[in-house]
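Data first, discussion second: the structure below is written as structure tokens.
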Amino acid sequence: MADGASAPPSDAREVVLGRIRDALADRPSSAAIPRDYERSLPPDTDIAELFVERVSDYRATVHRSTAAGLAASIASVLTARGAKRLAVPGGIAEAWLEGIDVERVGDDPPMSFRDLDLLDGVITGCAVAIAETGTIVLDGGPGQGRRALSLLPDLHVCIVASSQVVGSVPEALARLSPTRPQTWISGPSATSDIELQRVEGIHGPRLLDVVFIED
524 MADGASAPPS DAREVVLGRI RDALADRPSS AAIPRDYERS LPPDTDIAEL FVERVSDYRA
584 TVHRSTAAGL AASIASVLTA RGAKRLAVPG GIAEAWLEGI DVERVGDDPP MSFRDLDLLD
644 GVITGCAVAI AETGTIVLDG GPGQGRRALS LLPDLHVCIV ASSQVVGSVP EALARLSPTR
704 PQTWISGPSA TSDIELQRVE GIHGPRLLDV VFIED
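For the sequence shown, the working numbering gives the first residue as 524, with consecutive numbering after it.
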């Protein structure tokens, strides 16, 4: 090869790979990766109380209720928020809104994004809730509707029964189908701008009211 001439691409590749092999010759042995993940919380954990605490930490407003007092609790939330027009997905129990003076707007056929944005809020159930992370998961099942319903209105009123609360994420995954669309909610939508000023309602509802039905 003439002086100053470049090495053929194949030779240059071998030179680079050779240098990498030499540099890694004295590398430490690979460490074993632990796979014994925590799959449940300690048995003495009060997961209902932990869920309420964690979801409140995310600035969601939690309202404790009983099954018998659920309609009254929902009415109180809607009155406090000034919600008059509410998206109501298919599968919502009639008893949830019994006697409540609110316009119920169905989503069949599906509303446009603009029409959803003009509503005061939406009420849904959930598929499962996670105490450890304060997360509520919707999967489009009965009483939950499509994802846009819980993302576009400014207010999301979500009903969570104590029987739907599990301790950890692995326990929640065991209850969910990977084939269904999932929305994982940890508090109202929020982000921070370049000056770290918190701004709510950017990627979803600005207000999240959780009505927790205790046993």
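Ideal Cβ placement from N, Cα and C applies to all residues, glycine included. Just so it is clear, the structure is predicted and the values come from calculations on it, not from any experiment.
- Counting the other Cβ atoms within 10 Å of the Cβ of isoleucine 543 gives fewer than 16, which makes it exposed.
- Taking C-beta separations shorter than 8 Å and ignoring five residues to either side along the sequence, the partners of threonine 589 in its chain run Ile736, Glu737, following chain order.
- Residue range 570-580 is occupied by the alpha helix (DSSP H) that includes valine 575.
- Runs of beta strand (DSSP E) with 3 or more residues, each lying fully within the stretch 651-721, are found at 651-653, 658-661, 678-684, 706-708, 713-715, listed in chain order.
- DSSP, read as helix, strand or coil, puts arginine 608 in strand.
- Partner residues in the beta bridge of phenylalanine 735, as assigned by DSSP, are Arg587, Val683.
- Within the same chain, Leu661, Gly663, Pro704, Thr706 come within 8 Å of arginine 670 by CB-CB distance, once the 5 residues on both sides are set aside.
- Less than 8 Å separates the beta-carbon of isoleucine 646 from that of valine 611.
- The count of Cβ pairs closer than 8 Å, one atom from the stretch 596-615 and one from the stretch 665-684, reaches three, so the stretches are in contact.
- Approximately 6 Å separates the beta-carbon atoms of alanine 583 and proline 711; this is inside 8 Å, confirming the contact.
- Remark: three or more beta-carbon pairs, one from each stretch, lie closer than 8 Å, so the stretch 648-662 and the stretch 682-700 are flagged as touching.
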